[in-house]
Structure formats: structure tokens, C-alpha cells
Ligand SMILES: [Ca+2]
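Residue numbers (the numbering used here): 57 to 482.
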């Protein structure tokens with residue numbers, strides 16, 4: 057799927073204007089000025105030290121090479137959506153739910169024959185949408201959705217102080233009649249946001265039944281409040297929450313529950329704007345993509361209690377100070393790519409575990425929002441500590457805002473041309 061030249065130009069303009077969903081401020085934001093490197097501008101600092109390579113285990117096989125992939129419209133008969141940001145298949149009901157950044161959730165047949173989308177929830181009146189990165193950003197279903205009909209949202213809230221809300225709502229009806237009751241909201245977590253950008257927004261249940269939530273550093277250029285390295289704030293972290301009762305609580309086996317001054321909800325920290333994390337459905341590994349400042353985009357394999365470096369480091373480079381930073385105790389990325397040549401902000405994807413494309417199994421896919429490039433890396437090798445390099449597997453020209461995974465493990469790309477694409481292997 058090649059984009060029209062006009063779309064590519066638009067993507068470049070968007071990059072220059074910093075309007076990617078996961079990364080940048082917008083004209084209405086109260087954030088300090090933050091500019092993105094224009095494509096081709098030599099702005100990235102030189103890394104001050106070579107990244108220490110992980111130690112490969114004995115006789116570890118070399119990373120595998122992924123196949124080239126393509127994308128094709130998954131629901132060619134459907135309308136387009138306003139900035140689609142998340143999609144989930146409803147198990148056993150033959151439908152999917154899609155969240156648009158403006159606050160609407162649609163339901164449609166999870167089938168190439170789908171020809172109609174119904175509005176399942178209109179949350180626009182509750183959603184603050186002033187900043188480019190604000191809005192409805194997360195949608196996930198309870199692991200026991202078939203029984204309890206609970207739906208979880210992450211949104212930036214309209215009215216009152218600028219804040220992110222994680223809430224639970226109840227669905228009524230099934231299949232194409234599924235609706236989400238707007239009067240059923242139970243707030244699980246509220247987090248004040250100093251600026252409009254870097255809101256994170258992913259919400260997903262882990263294999264342990266806990267709800268994981270991504271929060272960015274609160275916004276502004278360079279993390280002016282120092283939230284990334286501050287365990288006393290939820291900002292700049294991936295949280296692990298017990299949501300079996302409301303409000304959410306920190307599970308007692310979280311890594312910082314006995315650390316003085318630390319928020320017990322934190323699972324890992326040192327993130328700038330984790331724009332999409334996912335769990336490998338086979339191994340349970342947590343993969344996150346963290347949007348960089350001006351120079352490096354990164355992919356992290358997240359372990360409990362890990363410090364992923366921001367704002368001491370951006371990717372594998374020192375950020376503060378720009379040379380000779382103290383890297384002790386910091387987790388380095390599994391993979392990085394430079395924020396140039398049309399790239400502006402990483403969008404994390406999934407480890408492919410579906411059956412349709414055997415050659416793609418075990419590869420972690422991720423993309424750049426501006427360039428529409430998709431890369432793959434050998435997840436098995438990475439988890440064994442074998443150094444891996446991402447392989448470019450597609451040039452889509454799409455503004456890729458998010459990925460989705462259906463119950464069968466097939467992967468989808470959500471693009472800001474308003475369409476959902478399925479991943480194919482030619
Ligand atoms: Ca990092």
C-alpha cells in the first residue's frame with residue numbers, strides 16, 4: 057500500500073509541525089516550545105559511548121531475518137474514522153471496537169465483509185481534545201469481558217484540571233448491538249497533567265490479570281519537571297494496577313511498594329512518552345516503544361523495576377548532560393533508530409504470534425508515525441540478550457498511529473488516513 061505523494065508531503069509537514077499523536081506539543085498546548093528536527097537537519101548529538109552490548113548466552117543462534125511485509129485495508133467496505141487510536145476484537149461476538157481520538161468508539165463486524173460501523177459510545181463531551189496528543193487514547197476489554205462486560209478507557213478529561221483518567225464502563229448488548237453505557241463510568245485512576253503532550257495512553261491487561269497503563273513524562277521539551285527519573289510521580293512510568301475494585305490499587309508485589317517516597321503503582325520508569333506497549337502473548341514479555349526528543353526513537357523490553365533512562369538518556373545517547381551522563385542502573389533500549397529521514401516518532405507494535413504468516417512469527421513489529429516505515433526485530437533473540445538490529449520490512453507512507461492484535465494473533469495498523477490495515481506477507 058503506497059501512499060499518494062500528497063499524503064507523504066502531509067506527513068512531512070505534520071512532522072515539521074510536530075503533530076504526531078505520541079510525541080509533540082500543539083499550538084494550543086501550554087507546553088514550552090518544543091521543535092522537532094526537520095528531516096535531514098543534523099541535530100542529533102553523537103552518542104558519548106558505545107552501547108554496551110548485551111551478553112549473548114552460550115551458542116545463541118544469530119537473529120533471524122524477517123520477511124518483507126505489506127499492508128492492505130482490513131475492512132475495505134467501512135467508512136474512515138477520525139484518528140483511529142485503538143482497536144480490540146470482542147471475543148466470541150464477531151465484532152471489533154475501534155476508538156477514535158475524538159472520543160467516539162465504533163463497533164463493526166470483524167470481517168473483510170464489514171460494511172457498517174455503529175457508534176457504541178460518544179465520549180466526546182467528556183474528552184479534552186485541546187492538545188494534539190489529548191483525547192481518547194486507550195481502550196481495552198476486561199479479560200473476563202464475556203461475563204462482566206467491562207470496558208476500560210484512558211482519556212484526557214474535559215473540565216476541571218488538566219488530567220488523565222483511567223475508567224471502567226459497562227457494555228450492554230452483544231455483537232453489532234454492543235453499546236457502552238455512558239452512565240456506568242467508574243473512575244479507577246486520575247493523574248494530573250502539567251502539559252497537553254506526552255500522555256502515554258496505552259491500557260492493557262497483562263497475563264497476570266493486572267491492568268498496565270502508560271504515562272508520559274507530563275510533557276514539555278526535555279522533561280522540565282524531571283518526572284522521568286522521579287519515582288514519586290506516576291508520570292514517565294508504566295503502571296501496574298489491580299482494578300478488581302475501584303479506585304485502582306497497587307498490587308503488593310509491585311517493585312517499589314517498599315521503596316520510600318516511590319509510588320507503589322509504578323512497574324517501570326524513565327520513559328518520555330511510551331507510545332504503545334504490548335505483551336507477547338506467548339512469552340508474556342512487555343515491549344514498549346518510547347518516543348524520543350529530537351534524536352532517537354527506541355524500543356524497550358520492560359522488566360519490573362527497570363529505569364529506562366529518560367531524561368538522562370535518549371535512546372543510547374546521553375541527553376542530560378549531553379556528554380558523560382551517569383548510566384549506572386539504567387536499562388538500555390533493545391533497538392533504536394534516528395529521528396531523521398522522515399522519521400519523527402515511534403509507534404510500538406506487537407510480537408507476531410498469528411498463524412497466517414509463519415515466517416513472521418516471533419518478530420516484534422513497530423513503525424514510525426511520520427515516515428510510515430515498519431521494522432521487525434527478532435523477539436526471541438532479543439529476550440535472550442542477543443544484540444538485534446531492526447530490519448525495515450515495509451514503507452507504507454501511512455501515518456501509523458497504533459497497532460492492534462486480534463484474538464487469532466493477526467496484526468493490524470491504525471493509520472490517520474482513517475483506515476485499519478491488516479499486515480500481510482506477500
Ligand atoms: Ca530510554
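All residues carry an ideal CB built from backbone N, CA and C; glycine is no exception.
Return yes when at least one heavy atom of ligand 3 lies under 7 Å from the C-beta of residue i, else no.
i, result
"residue 122", "Ligands in the displayed structure: ligand 1; ligand 3 is not one of them."
Considering only the beta carbon of each residue, do residue i and residue j sit closer than 8 Å?
i, j, result
"residue 271", "residue 291", "yes"
"residue 269", "residue 287", "no"
"residue 245", "residue 304", "yes"
"residue 443", "residue 431", "no"
"residue 366", "residue 328", "yes"
"residue 454", "residue 469", "yes"
"residue 258", "residue 368", "no"
"residue 224", "residue 302", "yes"
"residue 402", "residue 354", "yes"
"residue 266", "residue 307", "yes"
"residue 211", "residue 196", "no"
"residue 394", "residue 427", "no"
"residue 194", "residue 185", "no"
"residue 178", "residue 134", "no"
"residue 474", "residue 136", "yes"
"residue 407", "residue 343", "yes"
"residue 232", "residue 151", "yes"
"residue 249", "residue 276", "no"
"residue 372", "residue 399", "no"
"residue 361", "residue 414", "no"
What does the Cβ neighbour count give for residue i, buried or exposed, with the cut at 16 atoms within 10 Å?
i, result
"residue 397", "exposed"
"residue 156", "buried"
"residue 435", "buried"
"residue 98", "Unreliable positioning characterises residue 98 in this predicted model, as indicated by a pLDDT of 32, which lies under 50. The coordinate reading is nonetheless provided below. So residue 98 counts as exposed."
"residue 243", "exposed"
"residue 228", "exposed"
"residue 71", "Per-residue confidence for residue 71 stands at a pLDDT of 37, beneath the threshold of 50, marking its modelled position as unreliable; no derived number is given."
"residue 204", "exposed"
"residue 359", "exposed"
"residue 448", "exposed"
"residue 467", "buried"
"residue 316", "exposed"
"residue 421", "buried"
"residue 175", "exposed"
"residue 121", "exposed"
"residue 356", "buried"
"residue 377", "exposed"
"residue 148", "exposed"
"residue 382", "exposed"
"residue 202", "exposed"
"residue 380", "exposed"
"residue 322", "buried"
What span of residues does the beta strand (DSSP E) with residue i cover, start to end?
i, result
"residue 202", "No beta strand (DSSP E) contains residue 202, which is instead part of the alpha helix (DSSP H) from 201-204."
"residue 404", "402-407"
"residue 232", "Here residue 232 belongs to no beta strand (DSSP E), and DSSP marks it neither H nor E."
"residue 302", "Here residue 302 belongs to no beta strand (DSSP E), and DSSP marks it neither H nor E."
"residue 266", "Run containing residue 266: none; DSSP gives neither H nor E here."
"residue 194", "192-197"
"residue 394", "391-394"
"residue 332", "330-335"
Considering just the uninterrupted stretch of the alpha helix (DSSP H) at residue i, what are its terminal residues?
i, result
"residue 537", "Because the chain spans 57 through 482 in this model, residue 537 falls outside it and cannot be assessed."
With a cut-off of 8 Å, does the C-beta of residue i fall near any C-beta of chain D?
i, result
"residue 265", "Going by chain labels, chain D is absent from the structure shown, which holds only one protein chain."
(message) If contact is defined by three or more beta carbon pairs under 8 Å, each pair taking one atom from either stretch, is the stretch 322-334 in contact with the stretch 454-470?
(response) yes
(message) Measuring CB atoms only, is the stretch 148-163 touching the stretch 215-222, in the sense that at least three cross pairs come out at less than 8 Å?
(response) The stretch 148-163, when compared against the stretch 215-222, does not touch it at the 8 Å Cβ threshold.
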